[in-house]
Each structure stands twice: as C-alpha cells, then as structure tokens.
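In this text, residue positions in the sequence shown follow our numbering: the first is 3, and each later residue adds one.
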Amino acid sequence: MRFHWFLPTSGDGRSITGGGHGLARRHGQSRAAASRPPTIDYLAQVARAAEQAGFEAVLTPTGTYCEDAWLVTAALTQVTTRLKFLVAFRPGVLSPTLAAQMAATYQRLSGGRLLLNVVTGGEAAEQRRFGDHLGKDERYARTAEFLSIVRGAWDGPFDFRGDYYDVEGAAVAERPDPVPELYFGGSSAAAGPVAARHVDVYLTWGEPPAQVAAKLDWMRELAAAEGRALRFGVRLHVITRDTSKEAWAEAKRLLDQISPEDIASARAVLSRSESVGQQRMLALHEGFHGSSRGRSGKGSRGGGVRDLEIHPGLWAGVGLVRGGAGTALVGSHTEVADLVEEYASLGVEEFVLSGYPHLEEAFWFGEGVLPELRRRGVLGAAAPVRLSA
C-alpha cells in the first residue's frame, strides 16, 4: 500500500468550509476567509509534515481557486527531500508536447519526484473560465489523444494527427527518469476506456466498499480488453484519534459548524455538476438536512453526526458542503486501519488522504494508523526522513 496526503493550495482551516474545495469560496468568498491562507510558508509546513509522517506524495489540486500546482510544488521540492508531488492538471489548457516537456524538466530538477493526476474536468463553467467549451464526452476523447502525445513525446520524435491535436516530431530533450506515473479518475462511460488505455493508477472517491468493488471490477474488465492491468487508489478524508469517541467528537464539531442553509446552497451548486462521480457523492447523503449550529434540529434523515455514517467508519459529512471527495474514515487508529484493510482487500493499493486542518491531521494518521498497519505486517517499515533546513 502507498499513502499520499493533500496540499491545501486554496487555504486550510479547522472547518470543512474554511479551505480546500469548500463551496463557500465558489460563491465569491474571499480567500482571506480561510483561517490559514495558502502562503508558501504554510504549504511548506504541510509538505514537511506529510514527509515526516510517512506519506509518499501529496496531491496538489487544480482549479480557479487553487494556486498553480506546477509552480507551488516545484518550489516545495526545495524544502523537502523525499516527498513526491502528485500534480493535478487539465489536459485542455496546455499543449501536450509542452506538458511532456514540463514533466521531463520537473523530473530532472526534482530528482524524479513527480506524479501526474490527469483531470479531464466535470464542471462546464470551470472549463469555460479557461477557454474550454467542449462537452464532457469530447473532453475525454481529447484527453485520450493528449496522453498518447505526452507518452509519445517522452520517447519521441512522435507524430500524431487526431480530432483535437495535430503534432509533428513531438519530443523532449531527454526522456524523464523515471517516467511519471499517470493517475486518473472518472466514473462515466466515457472515462473508463481512457483510463483503461492510458493511465497507471485509476482513482475513485471513497464510496462504500461494495460500490468501490463494483467500480473496480468494471475497470478491470476494460483494462483486460486492452491487454493492460491498472493499479487502484481511493481518495478519502480522515479523522483518526486515540479513541473512537474522540474521533466522532471531532466529526461532530465539523458538522456543528455547517448550517442547513450551507447544505442547501452547496447541494444547489453540486446538483448541476456534469460529473458522474460528483452525483454519486451527492447520493450518499441524500435527504440529510442537518442542524443549525449548536442545535439538534432534524431533517428527513436526521441531523446527528452518526446519521451520515454510510458504512461502519465511513462518514459522508464532508460532502455536504464540499465538491469532490466527500467521505471520511472516522474512528480510532485501530478502526481506521481496519477500514483501510477492507478497501485494500478489494484491490485498492493507494490511499490519497486529507483532513481538517491538513497539518495536524497528517500527524494523527502518520503517528496513529501507519504504525498500526506496520504492526499488522501489511505495510513496510518507515523510511528515515531528513528534512531540509
């Protein structure tokens, strides 16, 4: 198993809406509302914490309200020694040959610490901000051509003529070493074949294990038809403490900060998403109305923290007001390790995790759950870490 953390490049804080992909920011809230703005000093603290805690890489998001993933992570390679950077980027906003060149340069300058997360994009309004007016299925078709050219350029010169790109002699000065692994997520019928043909790691958001198992079976069949095998990863939040009671108390604290109005506003935005994965996330907490701050008003599905427990230890509360990954592993270190092993039994090898705040939660998981997994013999010994000055 490989464990990765998250770099909050749009801000961080002690609430779900205070940073990250909290939807309040999409409604025009100033970045200053985040209690921890994404300064390079703070992001360096998170990166060093992830490295110290034993994570292999940090996922760095892409989007209007994030700092640029390429630039931020390139800077952070200078204050870390081992940590890899899983850089998210959208194929439709840059040339595939340029992307191949950027990746090759990054590998040389960082000593091979780049991983790539390919984000086709499921929000039409967000795509239009960057001048991309293609429909969703066309975006996936373009992504397939893009990835063909990127891989071709690394071994170039490479010629390609398709519906979206026409390149001659695509190449880079020197083949990247190692070639960056490609991560990719998508739940739609158009997404599956792209992953099966082109990527190394297929990512899914943290649905209940039975739903994840069905999705992985779907992808295994598609990849087998291409003569390939994929690795699988899951994107989740985590709240882990020394006891289950403490972990659920923290989940309740996060929930108590969310009003029914926050939930209704977020649901109105997310329901318009073109992303099949996002609609699947929404369905996990359908009918939950929540409670106002400090009170226990009931919606049609209740308003208590455990009403959002959709599988033992899997909590859908984050997705009430956050786009993207909307579930969290909640429990004692032993309970969270149990759930990690349950996902691993399905074939999940990579876990991309996050928490609120990201700095402290990285240590809770790294000092609590990872040692438990090592005691069970399902995770190798921790590598020594030397942090840069």
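Every residue, glycine too, gets a C-beta built ideally from N, C-alpha and C.
Cα-Cα, which of the options is closest to residue i?
| i | options | result |
| --- | --- | --- |
| Gly279 | Arg255, Glu140, Leu96, Ser189 | Ser189 |
| Val323 | Arg115, Ala268, Ala59, Trp207 | Ala268 |
| Glu248 | Ala270, Thr145, Trp366, Asp134 | Trp366 |
| Ala106 | Ser97, Glu176, Asp202 | Glu176 |
| Gly319 | Leu238, Arg376, Val354 | Leu238 |
| Glu140 | Phe132, Asp165, Leu117 | Asp165 |
| Leu1 | Val203, Phe87, Pro93 | No statement about residue 1 is possible, as the shown extent of the chain runs from 3 to 391 and does not include it. |
| Thr64 | Gly56, Thr145, Phe91 | Phe91 |
| Tyr358 | Ala77, Ser273, Ser17, Gly13 | Ser17 |
| Ala339 | Arg376, Asp179, Tyr167, Arg308 | Arg376 |
| Met3 | Leu286, Ala76, Gln129, Phe353 | Phe353 |
| Thr66 | Val89, Phe57, Arg131, Gln54 | Arg131 |
| Gly113 | Leu78, Gly123, Gln54 | Leu78 |
| Arg282 | Ala253, Pro262, Gly321, Trp250 | Gly321 |
| His313 | Glu344, Gly326, Gly289 | Glu344 |
| Ala231 | Val89, Gly349, Pro39 | Gly349 |
| Asp258 | Leu284, Leu73, Thr245, Arg308 | Arg308 |
| Ala172 | Pro98, Glu351, Gly194, Glu128 | Pro98 |
| Pro373 | Pro262, Leu118, Gly56, Ser261 | Gly56 |
| Gln54 | Ala76, Val81, Ser37 | Val81 |
| Ser273 | Val74, Gly326, Arg243 | Gly326 |
| Pro182 | Val89, Val95, Ala346 | Val89 |
| Val120 | Thr62, Glu170, Gly289 | Thr62 |
| Glu128 | Gln47, Phe148, Val95, Ala146 | Val95 |
| Phe148 | Gly194, Lys138, Pro93 | Pro93 |
| Ala146 | Gly194, Ser246, Ala346, Leu73 | Gly194 |
| Tyr204 | Glu351, Gly368, Trp250 | Glu351 |
| Ala215 | Ser347, Leu73, Lys138, Asp43 | Ser347 |
Note down the Cα distance separating residue i from residue j, rounded to an integer number of angstroms.
| i | j | result |
| --- | --- | --- |
| Glu311 | Ala384 | 32 Å |
| Ser277 | Glu125 | 7 Å |
| Val342 | Asp161 | 43 Å |
| Val371 | Ala143 | 40 Å |
| Ser187 | Gly306 | Note that residue 187 is Gly in the sequence shown here, rather than Ser. Taking the straight line from one Cα to the other gives about 31 Å. |
| Trp316 | Val271 | One detail in the question is off: residue 316 reads as Leu in this sequence, not Trp. Going by the C-alpha atoms only, they are around 24 Å apart. |
| Phe8 | Leu355 | 6 Å |
| Gly382 | Thr83 | 20 Å |
| Arg115 | Gln109 | 6 Å |
| Glu228 | Asp219 | 15 Å |
| Thr11 | Val60 | 11 Å |
| Arg255 | Ile241 | 11 Å |
| Thr336 | Ser150 | 43 Å |
| Ala49 | Leu136 | 35 Å |
| Asp168 | Leu361 | 44 Å |
| Phe5 | Ala52 | 10 Å |
| Gly379 | Asp134 | 47 Å |
| Gln213 | His287 | 15 Å |
| Ala396 | Leu45 | Within the shown structure, residues of the chain are numbered from 3 to 391, placing residue 396 beyond reach of any answer. |
| Gly235 | Asp202 | 10 Å |
| Pro180 | Leu85 | 15 Å |
| Ala266 | Pro159 | 52 Å |
| Leu184 | Glu58 | 15 Å |
| Leu118 | Arg38 | 26 Å |
| Ser261 | Thr75 | 35 Å |
| Gln31 | Cys68 | Only weak support exists for where Gln31 lies, its pLDDT of 49 falling under 50; the coordinates are left without a value. |
| Ser275 | Ala192 | 16 Å |
| Thr19 | Arg243 | 21 Å |
| Pro178 | Arg233 | 21 Å |
| Thr245 | Ala364 | 17 Å |
| Gly289 | Gly123 | 27 Å |
| Leu73 | Lys217 | 34 Å |
| Arg297 | Val174 | Confidence at Arg297 is low in this model, with a pLDDT of 35, below 50, so its placement is unreliable and the value that follows should be read with caution. Looking at the two C-alpha atoms, the distance is approximately 60 Å. |
Mark residue i as exposed unless 16 or more other C-beta atoms lie within 10 angstroms of its C-beta, in which case mark it buried.
| i | result |
| --- | --- |
| Asp264 | buried |
| Asp14 | buried |
| Thr41 | exposed |
| Arg33 | Since pLDDT at Arg33 reaches only 49, below the 50 mark, its modelled position is unreliable, and the value read off the structure follows with that caveat. That one is exposed. |
| Asp284 | Checking the sequence shown, residue 284 turns out to be Leu, not Asp. Leu284 comes out buried. |
Would you say the beta carbon of residue i is closer than 7 Å to some non-hydrogen atom of the ligand ADP?
| i | result |
| --- | --- |
| Thr83 | Looking for the ligand ADP in the displayed structure turns up nothing, as the structure carries no ligands at all. |
For the alpha helix (DSSP H) that residue i lies in, which residues bound it at each end?
| i | result |
| --- | --- |
| Leu224 | 211-227 |
| Ile265 | 262-272 |
| His200 | 193-200 |
| Val152 | 138-156 |
| Gly279 | 278-286 |
Please check if any C-beta of chain D sits within less than 8 Å of the C-beta of residue i.
| i | result |
| --- | --- |
| Thr62 | Considering every chain present, this structure includes no chain D. It has just one protein chain. |
In the DSSP assignment, find the beta strand (DSSP E) that holds residue i and state where it starts and stops.
| i | result |
| --- | --- |
| Arg376 | Note, Arg376: premise wrong, no beta strand (DSSP E); alpha helix (DSSP H) at 360-377. |
| His313 | 311-313 |
| Ala318 | Run containing Ala318: none; DSSP gives neither H nor E here. |
| Gly187 | 184-187 |
| Val48 | Where Val48 is concerned, there is no enclosing beta strand (DSSP E), although the alpha helix (DSSP H) it sits in stretches over 42-55. |
| Thr242 | 233-243 |
| Ala346 | From DSSP, Ala346 is part of no beta strand (DSSP E) but of the alpha helix (DSSP H) over 335-347. |
Is there contact between the stretch 200-209 and the stretch 325-338, where contact requires at least three CB pairs shorter than 8 Å?
-> Yes: at least three Cβ pairs fall under 8 Å.
The stretch 97-115 in contact with the stretch 151-167 per 3-pair CB rule at 8 Å = The stretch 97-115 makes contact with the stretch 151-167; the number of CB pairs closer than 8 Å reaches 3 or more.
Give a yes or no on contact between the stretch 191-201 and the stretch 211-224, applying the rule of three or more CB pairs nearer than 8 Å.
-> Touching, yes.
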